[in-house]
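Trainee: Below you'll find the structure I mean.
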Amino acid sequence: MLDVAIIGAGAAGIAAARRCGELGLTCLVLEAGARPGGRAFTESDSLGAPFDHGASWVHVAEHNPMTPLAAALGFTRFDGPRRQREILLIGDRRATAEERRAHDAACDAWEAAAEARAAEPGPDIPIAAAVPRDGHGGSPWAATASHWLGSIICGVEPERNSLRDYIDTGLDGENPQLAEGFGTLVARLAEGLPIRLASPVRRIRAGRIITVETAGGAIEARAAIVTVSTGVLAAGTIAFEPGLPPAVEAAIAGLPMALLSKIALRGGGPGSPLGLPPFARLGRQVQGPADRPMSWMIAPFGRDQAIGFIGGEAAWDLSRRGPAAAEAAARADLARFFGAETVARAFPEPAVVTDWGENPLFLGAYTYARVGQAGARRLLAEAALADGRLRFAGEACHARYAGTVGGAWASGIAAAEATAATLAGSVAA
Ligand SMILES: Cc1cc2nc3c(=O)[nH]c(=O)nc-3n(C[C@H](O)[C@H](O)[C@H](O)COP(=O)(O)OP(=O)(O)OC[C@H]3O[C@@H](n4cnc5c(N)ncnc54)[C@H](O)[C@@H]3O)c2cc1C
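Per full-length UniProt numbering, residue 1 is the first one in the sequence shown, and the count goes up by one each step.
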């Protein structure tokens, strides 16, 4: 019998498997999909340029467990400026230098207001209740700051996102990208591990032993670590016997999936398109309550790509409407800057559109916390079901670096170590 069955071969599952091996425990990772890496996935397009569908920034790199792993494997790191906008549009004209400074100041004010309010005593509130708004004597950039820092980066509207959790999981510090792709790094770290692909887990029975039922048969183990997203857990794809305790169910419901989608427009050959420098960032001022501009990164690593980012409700809407609608929306958004003809000429190849929202193996990009639910992360990380033989790991479970590969990785290691301690205790007893 195995010591540990690990469900899901994303960053958390891979980290847990590596740590189990180091601790002398036998394990098997059961992965529903056709590849390891989960939400860290680099695909080289038909032109040979890597594209990260999911994670691409090594957030807070100075404290991120992925930083030394990337360095040891010789990955190429690029540290760009944190908040630089090459072109900022207001309607159909470019913002002046003064307006750009006002935009930057509005973003700083947004973050400072969130931090100041979170430092006050009192119950948790939505981020939206703490930050400046347009039209109340504030900056004309307040809605743009909310759209960018909230809906796009957090993947959920600030009206629904917990201020406490936003502050607790804030990602400041070094923020490099990897030329070979973050997904490539996570896939390299999975090499040689006991991973069984195309093995969706349907049921986990936690009795004297843990029985994990997959489409291809049942596996028995002394313990299990479940690393699927809270979106997958909430969808009930995996049945638990006995059922999960109400507190764990509540923690899962308190940490729903946010959505960030990317649309990569691709040029016909090498070189930076549109005459912009590598990593150029473009954005538009929000023009009214229904306006949901994309944010753009042009020519990452000098590649012939323009990557549009869209988050929150607008991303869910495009995700439901499918990749053709998302590509059309992206082309129309970029056309605001350069005109439709230039965009069509610069990016003649079909776009690559991410599908994290609709993919049943993820059902979103990363978690946010509902208002009042910041503590759910710790509860899920510390849940020790079946006398500590059934645990959870993954980005949702990291109280500081939730929503990141580094957080998922650290939580996988912590779950493996806690499981090892439980199993050692049960042998001793
Ligand atoms: C668009 C996007 C951008 C992002 N940007 C960044 C970034 O720049 N930097 C950063 O650090 N993070 C970023 N993230 C977040 C980061 O990718 C995730 O936090 C992290 O990869 C999650 O790892 P995980 O192991 O917790 O979960 P996952 O990667 O979801 O792993 C869980 C695994 O379980 C599998 N699975 C699901 N159901 C079953 C089942 N029934 N049986 C067996 N297996 C199953 C899934 O296929 C998956 O492989 C981004 C994510 C997205 C989507």
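Cβ coordinates follow ideal geometry from the N, Cα and C atoms, glycine included. Since this is a predicted model, take the numbers as computed values, not measurements.
#1: Within the same chain, show all residues whose beta-carbon is closer than 6 Å to that of residue 484, passing over the 5 residues directly before and after it, in chain order.
#2: TYR366: beta carbon under 7 Å from a heavy atom of ligand 1?
#3: Hey, is the segment 31 to 50 in contact with the segment 2 to 19, meaning 3+ C-beta pairs nearer than 8 Å?
#4: Put ALA206 into one of helix, strand or coil per three-state DSSP.
#5: Below 8 Å on the Cβ atoms is my contact criterion, and I expect THR184 with PRO50 to pass it. Report the Cβ-Cβ distance as a whole number of Å.
#6: If the criterion is Cβ atoms closer than 8 Å, does the pair LEU89 and GLN285 meet it?
#7: ASP291 by DSSP, collapsed to three states: which one?
#8: Starting from SER44, follow its DSSP beta bridges and name the residues at the other end.
#9: Exposed or buried, what is MET297 when buried is set at 16 or more other beta-carbons lying within 10 Å of its beta-carbon?
#10: Can we count SER162 as close to ligand 1, meaning its CB is less than 7 Å from some heavy atom?
#11: Rounding to the nearest angstrom, what Cα-Cα distance links LEU171 and ALA128 in this structure?
#12: Could I get the ranges of all uninterrupted alpha helix (DSSP H) runs contained in the segment 347 to 417, with 4 residues as the minimum, in chain order?
#13: For ligand 1, any of its heavy atoms closer than 7 Å to the Cβ of THR342?
#14: Classify GLU22 as buried or exposed, calling it buried when 16 or more other Cβ atoms lie within 10 Å of its own Cβ.
#15: Which whole-angstrom value describes the C-beta separation of ALA326 and PRO273, a residue pair presumed to lie in contact below a C-beta threshold of 8 Å?
#16: LEU255: which of LEU363, ARG77, ALA112 sits nearest, CA to CA?
#17: Taking only the alpha-carbon atoms, compute the straight-line gap between ASP165 and GLU395 and give it to the nearest angstrom.
#18: Thinking just about the alpha-carbon of each residue, which of GLY312, GLU213, LEU282, ALA113 is nearest to the one in ILE152?
#19: How far does the alpha helix (DSSP H) with residue 431 in it reach, from first residue to last?
#20: Classify HIS63 as buried or exposed, calling it buried when 16 or more other Cβ atoms lie within 10 Å of its own Cβ.
#21: Would the segment 276 to 292 count as touching the segment 242 to 252 if we require 3 or more Cβ pairs under 8 Å?
#22: For LEU25, is the classification buried or exposed, using 16 other Cβ atoms within 10 angstroms of its Cβ as the cut-off for buried?
#23: Measuring from the CB of SER56, is there a heavy atom of ligand 1 at a distance below 7 Å?
#24: Buried or exposed, going by whether 16 or more other CB atoms sit within 10 Å of the CB of GLY268?
#25: Going along the chain, which residues of its own chain have a beta-carbon closer than 7 Å to the beta-carbon of VAL353, five neighbours each way excluded?
#26: List, from N- to C-terminal side, the beta strand (DSSP E) runs of 3 residues or more that fit wholly inside the segment 281 to 337.
#27: Could you tell me the alpha carbon to alpha carbon distance between ALA190 and SER162, rounded to whole angstroms?
#28: Under the three-state reduction of DSSP, which class applies to residue 461: helix, strand or coil?
#29: Among ALA102, ILE238, PRO123, ALA143, which one has its Cα closest to the Cα of VAL131?
#30: Is any non-hydrogen atom of ligand 1 found closer than 7 Å to the C-beta of TRP356, if you look at the structure I gave you?
Mentor: Here's the rundown:
#1: Outside the modelled stretch of the chain, which goes from 1 to 429, sits residue 484, for which no answer is possible.
#2: The answer is yes for TYR366.
#3: Under the three-pair Cβ rule at 8 Å, the segment 31 to 50 counts as touching the segment 2 to 19.
#4: Secondary structure at ALA206: strand, using DSSP grouped into helix, strand and coil.
#5: Right, the Cβ-Cβ distance comes to about 7 Å (below 8 Å), so this counts as a contact.
#6: Contact flag set, yes.
#7: ASP291: coil per DSSP, three-state reduction.
#8: Partner residues in the beta bridge of SER44, as assigned by DSSP, are PRO50.
#9: MET297 should be labelled buried.
#10: Because no heavy atom of ligand 1 lies under 7 Å away, the Cβ of SER162 does not count as near it: no.
#11: In a straight line, the C-alpha of LEU171 is about 19 Å away from that of ALA128.
#12: Whole alpha helix (DSSP H) segments, 4+ residues: 376 to 382, 385 to 388.
#13: False, no ligand heavy atom lies under 7 Å from that Cβ.
#14: It counts as exposed.
#15: About 19 Å separates the Cβ atoms of ALA326 and PRO273, ruling out a contact at the 8 Å cut-off.
#16: Measuring C-alpha to C-alpha distances from LEU255 to each of LEU363, ARG77, ALA112 identifies LEU363 as the nearest.
#17: If I take the Cα positions, the gap works out to 13 Å.
#18: Of GLY312, GLU213, LEU282, ALA113, the residue nearest in Cα terms is GLY312.
#19: Limits of the chain in this structure are 1 at one end and 429 at the other, which puts residue 431 out of reach.
#20: Exposed, since its Cβ has fewer than 16 Cβ neighbours within 10 Å.
#21: As far as the Cβ criterion goes, the segment 276 to 292 does not touch the segment 242 to 252, which means the pair count is below three.
#22: LEU25 comes out buried.
#23: It does: the Cβ of SER56 is within 7 Å (strictly closer) of some heavy atom of ligand 1.
#24: With fewer than 16 Cβ atoms within 10 Å of its Cβ, GLY268 is classed as exposed.
#25: Counting only Cβ-Cβ distances below 7 Å, and skipping sequence neighbours, we find ILE263, PRO323, ALA326, GLU327.
#26: Within the segment 281 to 337, the complete beta strand (DSSP E) runs of at least 3 residues are 295 to 298, 305 to 311.
#27: For ALA190 and SER162, the distance between alpha carbons rounds to 34 Å.
#28: Since the first residue of the chain shown is 1 and the last is 429, residue 461 is not available in this structure.
#29: With distances taken between Cα atoms, VAL131 lies closest to ALA143.
#30: Because some heavy atom of ligand 1 lies under 7 Å away, the Cβ of TRP356 counts as near it: yes.
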